[in-house]
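Residue numbers (our numbering): 851 to 954.
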Ligand SMILES: [Zn+2]
């Protein structure tokens, strides 16, 4: 199982946001949604609602955390949160499962 390491590691735009946003590409792109004067825009709130409801996590909370404490602190906290205590592999945000310990 190869967990998705996210858009940034692939030098790609956020797959969730890019459709409804003209600020993450083009002229003067923002790096994080919180840098935008529209933060948190309707598009982001909609996706955040889905993630809060279905997966018990909030993109907006994560963005605010990064804004306040920085990316290094965020990544450290997330690493701890999403590392399987039994084998050290990544836990899926979508299913809360470690696919190393519990293959699909
Ligand atoms: Zn595991």
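C-beta atoms are modelled at their ideal positions from N, C-alpha and C, and glycine is treated no differently.
What three-state label does DSSP hand residue i in the structure shown?
i           : result
residue 883 : helix
residue 941 : strand
Of all Cβ atoms in chain D, is any one closer than 8 angstroms to the Cβ of residue i?
i           : result
residue 895 : The question asks about chain D, but that chain is absent: this structure has only one protein chain.
Nearest to residue i by CA position, among the options, is which residue?
i           : options       : result
residue 902 : 855, 873, 944 : 944
residue 975 : 929, 921, 908 : Absent from the structure is residue 975, since the part of the chain shown begins at 851 and ends at 954.
residue 918 : 942, 938, 885 : 885
residue 871 : 895, 860, 859 : 895
Rounding to the nearest angstrom, what Cα-Cα distance links residue i and residue j in this structure?
i           : j           : result
residue 923 : residue 916 : 8 angstroms
residue 893 : residue 879 : 17 angstroms
residue 904 : residue 952 : 20 angstroms
residue 862 : residue 932 : 22 angstroms
residue 857 : residue 937 : 25 angstroms
Using the DSSP secondary-structure output, state which residues sit across from residue i in a beta bridge.
i           : result
residue 864 : Its beta-bridge partners do not exist; DSSP assigns none.
residue 948 : 941
Q | Any residue whose CB is nearer than 6 angstroms to a heavy atom belonging to ligand 1, listed in chain order | A | Close to ligand 1, as judged by a C-beta nearer than 6 angstroms to any of its heavy atoms, are the residues 934, 936, 937, 939, 948, 950, 951, in chain order.
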